[in-house]
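Trainee: Would you mind keeping the following structure in view while I ask a few things?
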Amino acid sequence: MRRLLPTPEPVAEAGLADAYRLPPGRHLRANFVAALDGATSVAGRSGGLGSDGDRRVFRVLRALADAVLVGYGTAAAEGYRPVLADSAVGQLRSALGREPTAPVIVVSRQASLRPDDQLVTDAVAPTVLVTCAAADPGRRDALAAAGVHVLVCGEDDVDLPGALDLLAGRGLTQLVCEGGPTLFAAALAAGVVDELDLSIAPLLAGGAPGMLGTGGLPSPATTRLIQVLEEDGYLFTRYAVEAPAQPRLLD
Ligand SMILES: NC(=O)c1ccc[n+]([C@@H]2O[C@H](COP(=O)([O-])OP(=O)(O)OC[C@H]3O[C@@H](n4cnc5c(N)ncnc54)[C@H](OP(=O)(O)O)[C@@H]3O)[C@@H](O)[C@H]2O)c1
37 MRRLLPTPEP VAEAGLADAY RLPPGRHLRA NFVAALDGAT SVAGRSGGLG
87 SDGDRRVFRV LRALADAVLV GYGTAAAEGY RPVLADSAVG QLRSALGREP
137 TAPVIVVSRQ ASLRPDDQLV TDAVAPTVLV TCAAADPGRR DALAAAGVHV
187 LVCGEDDVDL PGALDLLAGR GLTQLVCEGG PTLFAAALAA GVVDELDLSI
237 APLLAGGAPG MLGTGGLPSP ATTRLIQVLE EDGYLFTRYA VEAPAQPRLL
287 D
């Protein structure tokens with residue numbers, strides 16, 4: 037892999053974590069892979085867009101995070117499993133001097149996660165469910181009984197800023213959000229996204245929603261490009277989100 041920006045130079049495998057390291061403090065970064073046309077899935081999953089380099093970046097971002105934040109739709113579509121100590125991510129975390137396991141935080145308004153999901157049954161660092169008071173209390177109780185840490189944030193909808201405050205209070209301050217588009221759009225609109233780490237695949241895929249799904253934002257969020265890496269025609273970008281999407285003001 038090589039860095040194109042800010043300074044052209046090779047990036048050795050051991051240097052990849054440095055390329056994505058964060059300063060201390062609260063930080064929410066979103067990680068996506070997208071085709072040139074913006075599609076974020078092929079046949080309903082993101083794997084068809086990835087590359088070896090994309091998977092290495094994905095692992096590094098997980099290894100640097102206190103927890104993985106994901107919408108229920110993505111967790112279900114991609115067959116999410118817990119981060120385990122003997123996984124590639126777990127081993128990378130250990131090599132970086134971090135706890136080998138990290139919780140997966142699933143956001144679901146309806147508390148859709150099932151108690152027999154592998155995210156629940158196989159978790160070492162307990163899986164967290166972020167939901168709201170409108171979710172079925174029976175579902176919430178069953179998940180809590182199965183060992184899930186259930187956070188109720190908001191009445192009718194999930195209050196994402198409130199959820200992130202609660203998570204930070206538990207020491208989960210640096211999060212990687214792996215989407216999907218519905219969650220990313222909500223997080224951008226709530227002004228809680230600090231960074232977008234976008235892998236751009238040299239593919240034209242079509243037929244699938246982009247990173248924000250189909251709903252759009254009240255107005256564009258502005259970003260600043262801080263790094264570009266390249267390997268096999270894939271571009272691995274880091275953008276700082278400078279101003280969140282704001283409701284458009286009338287002239
Ligand atoms: N290319 C990539 O990097 C990438 C990354 C991620 C996902 N994807 C693709 O994106 C597709 C899934 O898209 P998606 O938009 O359905 O994903 P998603 O955002 O992960 O899932 C949507 C569901 O998650 C819950 N959710 C999301 N945001 C919420 C919020 N703010 N408040 C409450 N609940 C929230 C809701 O679950 P409930 O209905 O249970 O309430 C909602 O129905 C899949 O095909 C996946 O492969 C691609």
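The sequence shown begins at 37 in the numbering used here and counts up by one. Just so it is clear, CB atoms sit at the ideal spot from N, CA and C, and this is done for glycine as well.
(1) Mind checking whether V229 and V277 have CB atoms under 8 Å apart?
(2) Any heavy atom of ligand 1 inside 7 Å of the beta-carbon of F68?
(3) Identify the continuous beta strand (DSSP E) that holds L64 and give its terminal residues.
(4) Quick test of the definition: if touching needs 3 or more C-beta pairs under 8 Å, does the stretch 120-138 touch the stretch 169-184?
(5) Could you tell me whether the Cβ atoms of E231 and Y275 are closer together than 8 Å?
(6) May I ask whether a heavy atom of ligand 1 can be found less than 7 Å away from the beta carbon of L196?
(7) Looking at the structure shown, is E135 part of a helix, part of a strand, or coil, going by DSSP?
(8) With a threshold of 7 Å, establish whether the CB of L85 neighbours any heavy atom of ligand 1.
(9) Express the C-alpha separation of G61 and A204 in angstroms, rounding to a whole number.
(10) In terms of DSSP beta bridges, what is I262 paired with?
(11) Output needed for R288: all residues of its chain with C-beta closer than 6 Å, excluding positions within five of it in sequence on either side, in chain order.
(12) Does any residue of chain C bring its CB to less than 8 Å from the CB of E114?
(13) If T265 and R39 are in contact, beta carbons under 8 Å, what's the gap, nearest whole angstrom?
(14) On the CB-based measure, 16 or more other CB atoms within 10 Å of its CB, does L97 come out buried or exposed?
(15) Looking at the structure shown, is D287 part of a helix, part of a strand, or coil, going by DSSP?
(16) Under the criterion of a Cβ to heavy atom distance below 7 Å, does P238 qualify as lining ligand 1?
(17) Taking the C-alpha atoms as reference points, what is the distance between A53 and G251?
(18) Output needed for N67: all residues of its chain with C-beta closer than 6 Å, excluding positions within five of it in sequence on either side, in chain order.
(19) Any idea if G207 is buried or exposed, counting beta-carbon neighbours within 10 angstroms, 16 or more meaning buried?
Mentor: Answer, in terms of the structure:
(1) Cβ distance < 8 Å, so V229 and V277 count as in contact.
(2) Answer for F68: yes, Cβ within range of ligand 1.
(3) Its beta strand (DSSP E) spans residues H63 to A71.
(4) Segments in contact, no.
(5) In contact: E231 and Y275 (Cβ atoms closer than 8 Å).
(6) Ligand 1 approaches L196 closely enough that one of its heavy atoms is under 7 Å from the residue's Cβ.
(7) Three-state DSSP puts E135 in coil, outside helix and strand.
(8) At least one heavy atom of ligand 1 sits closer than 7 Å to the Cβ of L85.
(9) Roughly 10 Å between the two C-alpha positions.
(10) BP columns for I262 are empty, so no partner.
(11) The question about residue 288 has no answer here: the residues shown for the chain are numbered 37 through 287.
(12) Going by chain labels, chain C is absent from the structure shown, which holds only one protein chain.
(13) Per the sequence shown, residue 265 should be read as Leu rather than Thr. L265 to R39, Cβ: 5 Å. Contact.
(14) By the neighbour-count definition (other C-beta atoms within 10 Å, threshold 16), L97 is a buried residue.
(15) Only weak support is given to the placement of D287: the predicted model assigns it a pLDDT of 42, under 50, and the question is left unresolved by the model.
(16) Annotation for P238 indicates a beta carbon at 7 Å or more from all heavy atoms of ligand 1.
(17) Rounded to the nearest whole angstrom, the C-alpha separation of A53 and G251 is 34 Å.
(18) Counting only Cβ-Cβ distances below 6 Å, and skipping sequence neighbours, we find L97, V212, E214 and D233.
(19) Exposed: under 16 other Cβ atoms inside 10 Å.
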